[in-house]
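Using this note's numbering, the first residue of the sequence shown is number 3, and each one after it goes up by one.
For each residue, glycine too, the CB sits at the ideal point set by N, CA and C.
Predicted model, so just to flag it, every value in this text is computed and none were measured.
Written below as structure tokens is the structure these notes are about.
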Amino acid sequence: MIALASDHAGFEMKQEIGRYLEELKLPFKDLGVPSGERADYPKYGYLAAKAVASGECDKGIIICGTGFGISLAANKVKGIRAVVCTDCYTALLSRQHNNANILALGARVIAPDAAKLIIKTWLQAEFEGGRHQGRLDMITKIEEGKIDFIN
3 MIALASDHAG FEMKQEIGRY LEELKLPFKD LGVPSGERAD YPKYGYLAAK
53 AVASGECDKG IIICGTGFGI SLAANKVKGI RAVVCTDCYT ALLSRQHNNA
103 NILALGARVI APDAAKLIIK TWLQAEFEGG RHQGRLDMIT KIEEGKIDFI
153 N
């Protein structure tokens with residue numbers, strides 16, 4: 003299950019991505035916004051992140067104007083690795099190397115067709131593990147306050 007959410011700037015793209023996921027026969031949960039009326043991205047980034055962190059959804063796709071704000075909000079939830087991708091290369095590596103569990107897109111930055119290619123690449127890519135797992139373990143320790151690089 004994919005968590006799908008946006009603010010007002012990403013509403014139209016969210017709707018189009020929802021149709022695209024239906025075409026691919028991929029289940030998703032639309033967490034809002036319900037319309038293109040003004041909405042604050044932190045709320046919707048948080049809702050998607052909580053759905054992924056709780057295990058209710060496996061991955062998430064979140065959209066705002068740039069992808070930056072909504073990803074910042076999502077990344078405040080423990081266990082979330084939200085990344086902004088603007089091309090297929092970064093989408094691929096975000097999964098292979100960083101095991102990103104939320105993809106953030108900028109509706110004012112990329113066209114819907116580009117977004118679909120990025121999404122397809124991101125969803126098909128798999129985490130490689132190996133040396134990358136050790137780095138993710140370090141990030142988890144930082145998140146839990148169990149590592150200090152200063153001392």
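With a threshold of 8 Å on Cβ separation, who are the neighbours of Leu105 within its own chain once the five nearest residues in sequence on each side are excluded? Lys61, Gly62, Ile63, Ile64, Ala84, Val85, Cys87, Ala93, Ser96, Ile120, Ile121 and Trp124, listed in sequence order.
Taking its Cβ as the centre, do 16 or more other Cβ atoms sit within 10 Å of Lys16, making it buried, or is it exposed? It counts as buried.
Taking C-alpha atoms, which residue in Ile141, Leu6 and Phe13 lies nearest to Lys78? Closest by alpha carbon: Ile141.
Counted within 10 angstroms of its Cβ, other Cβ atoms place Leu107 as buried (16 or more) or exposed: Under this definition Leu107 is a buried residue.
Starting from Ala117, trace the alpha helix (DSSP H) in both directions and tell me its first and last residue. Per DSSP, Ala117 belongs to the alpha helix (DSSP H) from Pro114 to Gln126.
At the level of alpha carbons, what is the spacing between Ala51 and Ala76? Between the C-alpha atoms of Ala51 and Ala76 there is a straight-line separation of about 5 Å.
For Ile4, name the three-state secondary structure that DSSP assigns. Collapsing the DSSP output to three states places Ile4 in a strand.
Closest to Cys59 by C-alpha separation, out of Ile72, Leu33 and Gly71, would be which residue? Closest by C-alpha distance to Cys59, out of Ile72, Leu33 and Gly71, is Leu33.
Mind checking whether Lys27 and Met3 have CB atoms under 8 Å apart? The answer is no: Cβ separation not under 8 Å.
Would you mind working out which of Ala7, Ile19, Leu74 and His10 sits nearest Ala113, comparing C-alpha positions? Sorting Ala7, Ile19, Leu74 and His10 by C-alpha distance to the C-alpha of Ala113 places Ile19 at the top.
Identify the residues that DSSP records as bridge partners of Gly62: which are they? DSSP, once it has assigned bridges, lists Ala5 and Ile104 as partnering Gly62.
Which of helix, strand or coil DSSP assigns to Ala55: Helix.
Could you say which of Glu25, Gly47, Lys143 and Arg21 lies nearest to Gly69 if we only look at CA atoms? The candidate whose alpha carbon is nearest that of Gly69 is Gly47.
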